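**Q** What follows is a structure written as structure tokens; I'll ask about it next.
Residue numbers (UniProt numbering): 1 to 193.
This is the structure:
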């Protein structure tokens, strides 16, 4: 007569003896305390993350050709204002050179520059970023991100590649919105009329 699976199992396990307590390995956890240097690094990293209000994207970007013209205008910007910017008619109040900077350094510098300029009532800017002909890993990577970042910044009204005398396609004119102080002054001027 054939044995069932359970009977086979019990028959094969019949002569098995449980291990004695002494033959079991004792596992003890050793807690390694972090060094002072590691604690300081962790603290600095946590502070940097909590203080970073930079919302500029580090995600995918549509790559541009090094010689492409950057051009963008938010809805509601008057055509005359945009044309004046495009033709370089605004007096440039501040300039930043991002040419040759690494990605994260350029991202941080651009964000801080725009925020500071807006806070200080500076509206007409010139960004020098280069055309990126020899950029690694791909040409015009920084220029492509500049194009994306400027569109993400709420203070930016419009931007356009600069005239040749100001850097051509390797530079960009940027016009910022008025800050609250400038808006109040403008309202007061027009209220007196």
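Cβ coordinates follow ideal geometry from the N, Cα and C atoms, glycine included. Small disclaimer: the values here were computed from a predicted structure and weren't measured.
I need the straight-line Cα distance from residue 123 to residue 117, nearest angstrom please.
**A** Sequence index remark: in the chain shown, residue 123 carries index 123 (1-based). Sequence index remark: in the chain shown, residue 117 carries index 117 (1-based). C-alpha separation (whole angstroms): 7 angstroms.
**Q** Where DSSP assigns a beta bridge to residue 30, which residues make up the other side?
**A** One-based indexing of the chain shown puts residue 30 at position 30. DSSP lists no partner for residue 30.
**Q** At 3 residues or longer, and completely inside the stretch 34-106: list those beta strand (DSSP E) runs for me, N to C.
**A** List check, beta strand (DSSP E) in window: 71-73 and 94-97.
**Q** In whole angstroms, what is the alpha-carbon distance linking residue 72 and residue 47?
**A** Taking the chain shown and counting its residues from 1, the one referred to as residue 72 is at position 72. Taking the chain shown and counting its residues from 1, the one referred to as residue 47 is at position 47. When rounded, the distance between both Cα atoms is 35 angstroms.
**Q** Starting from the Cα of residue 103, find the closest Cα among 165, 177, 146 and 3 and give me that residue.
**A** On the chain shown, residue 103 is found 103 positions in, with the first residue counted as 1. Measuring from the Cα of residue 103, the nearest candidate turns out to be 146.
**Q** Looking only at C-alpha atoms, which of 91, 129 and 88 sits nearest to residue 105?
**A** Position 105 of the chain shown holds residue 105. The residue with the shortest Cα to Cα distance from residue 105 is 129.
**Q** Can you tell me whether residue 163 is buried or exposed? The criterion is at least 16 other CB atoms within 10 Å of its CB, across all chains shown.
**A** Taking the chain shown and counting its residues from 1, the one referred to as residue 163 is at position 163. The residue in question, residue 163, is exposed, as its Cβ has fewer than 16 Cβ neighbours within 10 Å.
**Q** For residue 84 and residue 35, I'd like the C-alpha separation in whole angstroms.
**A** If you number the chain shown from 1, residue 84 lands on position 84. If you number the chain shown from 1, residue 35 lands on position 35. For residue 84 and residue 35, the distance between alpha carbons rounds to 59 angstroms.
**Q** Below 8 angstroms on the Cβ atoms is my guess for residue 66 versus residue 143; work out the distance and round it to an integer in Å.
**A** Position 66 of the chain shown, counting from 1, holds the residue named residue 66. Position 143 of the chain shown, counting from 1, holds the residue named residue 143. With a Cβ gap of about 7 angstroms, residue 66 and residue 143 count as contacting.
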